[in-house]
Amino acid sequence: MGLTSNVNESFKKHIYSIVTAAVIALLTFGYLSYVLPNNERKEDAKNISILEGIEKHLVGYIDDQVKYISEEKMKSLKLLQYKGSADVYIDTILIDKKGFQQLQDGTIKLSRTIKLSGIHKVLKERKKEDSIIKDSISIDLAKFLNKINSTTHFTSFYICPIEKGKCRVEKSFLSQNVSLIDQDSLIKYNRKNGPFSFKKSSKHYYTDQINIPHTNHTLFLAAGIDKSAFDLNVRQINSNLLIFSLISIIVLILGINFIKPIISSYKERLSQIDLVGVVFSIGLLVAVIVVFAALSYWNNTIKTRNINDLELLVNKIDTSFKEQITAYQSWKKRDLLFGKEWKNQKNSFAKIFLVTGSKKTALNGELLTKKDSLPDDQKCFINGNTDFKKGTKNAKLIKYLDGYFRMDNKALITKNLSNNAPDISRKYADRMYFKALQQKNIENKKTDPVLTAVFSRENNRYQLIYAEKDTLKEINQESESNGIKGIAFREYFSNELELPPGTGYMLVDKDGDVLMQNDPKKNIYQNLLYVSQNNPAFISLLAGVDIPSFEMEYMGIPYQICAKKLDIKTESPVYILAIRDLSHTNRLSIFTFTNGFLISFLYGFFILLINYIYSTIFYNGRIGTLSKHHFYYLFPDSSRTTEYKKLLIVNCVSIVLALIVAFKSSPSLAFIFCIVLGVNVVFINLITLNIRTLNPKKELIKLVLILFLPAICLPMVLFFYYNVFIAALALFGTHILLIIFYYKNWRKREKTELSVFAKKNKGVNRKAYTRFLTARLLYQFVVFPFVLVSAFYVNELNDFARYYCSSLDAKEQKIKDKNDFIIKDRITNAYNCNCKEQTRDQTNDQIMQKANLGFFDRPSSYEIKNFTFNELSRKYYLSLLAILHNENNNFSFLTLFFLLVTLFFLASLAYKLLNYYSNRFFFYDLMQAYYEKYYPCTKNELANDHIFIPMVNNYDIKKLIQIDHNSCEIQPDKRYTGNEDCPEREISIDQVFYKDKKNEISPYLRMDFILNINHKQFCEQYEDIWESLLEETQYVLFDFAQDHFVNYKNKDTLINLMERGIIDCHQLTGRLKMMSLSFRIFILSKSKRDELFVQKFKDESKNGTYSKLKFPIIIIAVSALVLLMYLNKDSYDQVTLMGGSVVTVLALINKILDANKSL
């Protein structure tokens, strides 16, 4: 029984630690058992699909090399004589399985047979076996791998031949960046496909075996990626998930301040620091929501702009294709162009020349000279004087025409007008367009043309084929041949369209195969369905569903896709996909969120620091530098209802003004103006709430007018023309001078009576106060973060646009200088920026570039390396209005509506939280009860009701002197002589102050004299009051004496103390206070006179619910943060340093203020 009870007690004692350990273990287990393996599987699947693409590419590369006959080979094989002949053609080119085959030193050496067919007289004289030409070729795989290296993340390759199921090491076939130890390991596991991560290896390998087509040889292929890069990709968190995780951690940490006033037990202490912490946490919570909401709005805006850009690009490509194909078709039909030559050409194969005046120019720009060896019957001359004048669209389009051709039903080219010299005719039975159309010919079905593309791996170039059925009767054909006819061309807009980095396009067929894309180097990725993940939208598009835009992950990179079916007649639909890499947007989101929140946090801390510094200067010589009284003016004051209402207007106007400037100016100006205006509003609040005047409206207007020129206009002008440092000097210099002015002004008002202001106390003014404080928080933690985040976005997008547009300006000028053809609207917009200047930044100080805290590189710096330009402009192409501007007015209206709804929601949230927590700290109900005269009947006889505030005159200080009513026989002039140990002292303390005409004794020191005398005179009575209280009540009273704050759960005890008159309310502010300052000093002196009591008080304060729960929450938050830092180590090392420094500074300030017992 005893053991069980001990276990239960131990369990109850350590329940929070057990729960903390369980939560951390659960997080770790979830990450290690699910998240990490799942990410590894995704990364492996992505890399395996890339490897499969490499295999297909390698097989195609070998096949291309087998079928390719170079000019030198033609000479050596004596095939030049058949060039341009309609009588001889190459029937097949096959690998000779019985011939020479060798795989050695990275080279594949093969024998091949070239079979010639036809009716040429030379060929007739040959024997049948002589029409088959034997040849050998060497295929250098190193060339192939060099191309692969530049398009994938693979950095290591190992290839060796497989014979009898084993890798032939002795042949040392091909190895790039593979260590000898890794080679041994790969050879050992050559029968498996991987992936492999060997011990002591810095690579992560993927392997497979490839059969060389039409041979008995097999290659073992291993591709390796750096393990560090693999681990980084595996650990990498999606940007949205990362931001959500950071927000969760921030809210969890802020929750420590939120839950203390709610869940803390009655034994635990609440102080002024807790109140400041709660208000600051409310501001930071709102700031987090604002930063996240602003990110969402901007990301949505960017997404909409991306879609607009990509739709324009898709439409340009579609229009260009349609115009190009229509033009080529019309040229062939017209008698004056290729139609006539097509019908009358004596030779079936000819090279096209344009005749302009006396010049005859090939389509590739080469002039025809007398030395040209091409026979006349293999030349096709087209009149270029009219239809192909320089500068016309026809002149441009003809440069991209490769030729017109016709095939018979055996896939033999029977006629060809080309931009090249006629080659040996050959069969192309393996081409997709021939297979598709010939099948329709056989079945005698009607069909539309077919659009496809052929990729030259040697030249990294696409050739488009637009072919259709043809039943014309051919020359030298005895009967009608059901063949096909077509146009071979290169799309002309690829070299003319200007694409921002990360933007591209591709053509795909209904099966997802990539027909062409703007970057031929990426042709390794042959099929989008195989290399993309989670793409139901793409699958639906290929199935015929109209999906104009969607997002898709392609090779591990997120893309925004805009799709459109090509608007030309095709048997099988072809889709244009305009794509934009979203990595830049994701980097921008993380960059902005981190900087936005941390700078908002630092700005809030800076505002607190400014409040403290200004108050220290304002109260110099009257209250201590480390006094907690410096923030009292921000607490509710029942006599300042008018001031709160007027300041509410000032703060609301500042919010509107900051937003107007932000929407109309450049990012740096908006950011600096927001700071300048915010600091000035802080100054206005501080001065207005620290002085007493019978006409607060007049004083407030006068203060605003005084500040307008020297503290707002002048700093902005100095920043605009000079730099931010000089602007800061002007701003803070003006404030300090005004503080000195108000300080001296109050020193002159020695006879001002404060009792007149007590009449303004009309009871608790919770609504006016909370509205004012809400407006203050809205500017500091809503407007500033929104302007900051927007400034980051606009600045980064502007920098992107500035480099892009500067590059375009340079290219445009070169095109104009050459008087070359310029495509209308050739510019592809970058985030809807059309390179039209909106404003020009005149400032010398690019503050937004310097606002980066350095935790991340600027997102635009990733892209700037892709630009070339002559001179970088300082134009602005975007402003904060970009968040609202949209071609769709309904979208703009909705965005504005949601912005207003968000502002209203945040204002309501801040108001409700401030209202709730302020009541828990200030006890509005008790304040109102005291105002209604409920408690004065039990007023303590030692209470001092004189109105006292820190900014007082000597008369008010003198009123602090208390009289012992039980010793009324003592003469007034002998009442303050002080200590009995000094009987020779004959002057009273008030006489000392009266004789001090020069005010050499500071007000702060005078107050110390008085409080010290009062403390000594009434020490015994105070002790009697103290001893009459229960121990629990003593703890509450001691806690209240620290800073006039006490735990809300001790409200009953507080009411009991008010019933006895020990605690009452200030006549001006209406807030709860001790019955006299000297009694408060007596209570505070317990820290030195009764150390045992103080120690018990501290021990009791530590044994509450909050104290037990705080540590687990911190551990969980820190553990989650450590996990995020592990997953993003490179990015968050500096965040750790910064976070640790901020926490240390806050803890130190908290310790100093907590130890200080000054007024």
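235 is the number of the first residue of the sequence shown in the numbering used here; add one for each residue after it. Just so you know, even glycine gets a beta-carbon here, dropped at the ideal spot from N, CA and C. Source: prediction; values computed, not measured.
Run through DSSP, which three-state label would residue i get?
| i | result |
| --- | --- |
| Ala892 | helix |
| Ala777 | coil |
| Ile536 | helix |
| Val257 | helix |
| Asp1333 | helix |
| Val998 | coil |
| Asn716 | coil |
| Ile658 | coil |
| Ser783 | strand |
| Phe689 | strand |
| Ile252 | helix |
| Arg1240 | helix |
| Asp1277 | helix |
| Met1161 | helix |
| Arg665 | coil |
| Asn281 | helix |
| His438 | strand |
| Pro271 | helix |
| Lys1397 | The requested residue 1397 does not occur in the structure, where the chain is confined to residues 235 to 1393. |
| Met789 | coil |
| Asp321 | coil |
| Tyr846 | helix |
Comparing alpha-carbon positions, which option in the options lies nearest residue i?
| i | options | result |
| --- | --- | --- |
| Tyr700 | Asn729, Thr326, Glu732 and Met666 | Met666 |
| Ile1396 | Leu952, Tyr1145 and Ala945 | In the structure as shown, the chain begins at 235 and stops at 1393. Residue 1396 is therefore absent and cannot be evaluated. |
| Leu1318 | Ile1348, Asp1277, Gln1301 and Thr1339 | Asp1277 |
| Val958 | Pro1019, Val910, Leu1358 and Ile894 | Val910 |
| Tyr866 | Leu1011, Gly1304, Phe954 and Leu836 | Gly1304 |
| Ser900 | Thr922, Phe954, Leu939 and Phe917 | Phe954 |
| Lys331 | Gln299, Ser310, Lys368 and Thr262 | Lys368 |
| Val887 | Arg1010, Tyr1065 and Tyr323 | Arg1010 |
| Asp374 | Cys796, Ile329 and Leu408 | Leu408 |
| Ala584 | Asn643, Glu877 and Lys649 | Lys649 |
| Leu893 | Glu730, Leu1115 and Ala777 | Leu1115 |
| Ser690 | Tyr295, Leu903 and Val300 | Tyr295 |
| Glu1293 | Ala1275, Gly517 and Leu1263 | Leu1263 |
| Ile446 | Leu292, Asn472, Leu1302 and Asn273 | Leu292 |
Report buried or exposed for residue i, applying the criterion of at least 16 other Cβ atoms within 10 angstroms of its Cβ.
| i | result |
| --- | --- |
| Glu1261 | exposed |
| Gly736 | buried |
| Thr560 | exposed |
| Lys803 | exposed |
| Arg1240 | buried |
| Thr229 | Absent from the model: residue 229. The displayed extent of the chain is 235 to 1393, so no value can be given. |
| Gln275 | According to the sequence as given, residue 275 is Arg; it is not Gln. It is exposed - the Cβ of Arg275 has fewer than 16 other Cβ atoms within 10 Å. |
At a cut-off of 7 Å, would you count residue i as near the ligand GDP, judging by its Cβ distance to the nearest heavy atom?
| i | result |
| --- | --- |
| Thr686 | No copy of the ligand GDP occurs in the structure displayed, which carries no ligand at all. |
Got a sec: is the Cβ-Cβ distance from residue i to anything in chain C below 8 Å?
| i | result |
| --- | --- |
| Ser783 | Judged by its chain identifiers, the structure shown contains no chain C, having just a single protein chain. |
Quiz item: Should the region 1339 to 1348 be called in touch with the region 479 to 490, which here means at least 3 C-beta pairs below 8 Å?
Solution: Proximity of the region 1339 to 1348 to the region 479 to 490 meets the contact definition, three or more beta-carbon pairs being nearer than 8 Å.
Quiz item: Could you give the uninterrupted runs of the beta strand (DSSP E) lying entirely in the region 547 to 573, keeping only those of 3 residues or more?
Solution: The beta strand (DSSP E) runs of length 3 or more contained entirely in the region 547 to 573 do not exist; there are none.
Quiz item: Would you call the region 811 to 819 and the region 785 to 797 in contact, with 3 or more CB pairs under 8 Å?
Solution: Yes: the two stretches touch, three or more of their Cβ pairs being nearer than 8 Å.
Quiz item: For the 8 Å Cβ check, are there 3 or more pairs between the region 649 to 658 and the region 318 to 328?
Solution: Counting C-beta pairs with one atom in each stretch, the region 649 to 658 and the region 318 to 328 have three or more that are closer than 8 Å, which means they touch.
Practice problem: Could you tell me whether the region 498 to 506 touches the region 472 to 482, where touching means 3 or more Cβ pairs closer than 8 Å? | Solution: Flag = no, the region 498 to 506 and the region 472 to 482 do not touch.
Quiz item: In chain order, which continuous runs of the alpha helix (DSSP H) of length 4 or greater are located wholly inside the region 921 to 984?
Solution: You should have 930 to 941, 948 to 955 and 958 to 982.
Quiz item: Which runs of the alpha helix (DSSP H) fall wholly inside the region 468 to 511 and span at least 4 residues, in chain order?
Solution: The qualifying runs are 473 to 497.
Self-check item: Validate contact between the region 423 to 439 and the region 456 to 467 using beta carbons, cut 8 Å, 3 pairs
Solution: The answer is yes - the region 456 to 467 touches the region 423 to 439, with three or more Cβ pairs under 8 Å.
Quiz item: What are the start and end residues of each continuous beta strand (DSSP E) run of 3 or more residues lying completely inside the region 996 to 1040, in chain order?
Solution: Taken in chain order, the complete beta strand (DSSP E) segments of 3 or more residues contained in the region 996 to 1040 number zero; there are none.
Quiz item: Contact between the region 870 to 877 and the region 990 to 1005: three or more CB pairs below 8 Å?
Solution: A contact between stretches requires three or more CB pairs, one per stretch, nearer than 8 Å, and the region 870 to 877 meets this requirement with the region 990 to 1005.
Quiz item: Fully enclosed by the region 381 to 423, which alpha helix (DSSP H) runs are 4 residues long or longer?
Solution: Whole alpha helix (DSSP H) segments, 4+ residues: 414 to 422.
Quiz item: Mind pulling the beta strand (DSSP E) runs of 3 or more residues that sit fully within the region 606 to 651?
Solution: Here the runs fully enclosed are 613 to 617 and 635 to 641.
Quiz item: Is there contact here, the region 1311 to 1331 with the region 1239 to 1250, by at least three beta-carbon pairs under 8 Å?
Solution: Taking 8 Å as the limit for Cβ pairs, the verdict is that the region 1239 to 1250 does touch the region 1311 to 1331.
Self-check item: Three or more C-beta pairs below 8 Å linking the region 1128 to 1148 and the region 1010 to 1022
Solution: Contact between the region 1128 to 1148 and the region 1010 to 1022 is present, because at least three Cβ pairs lie under 8 Å.
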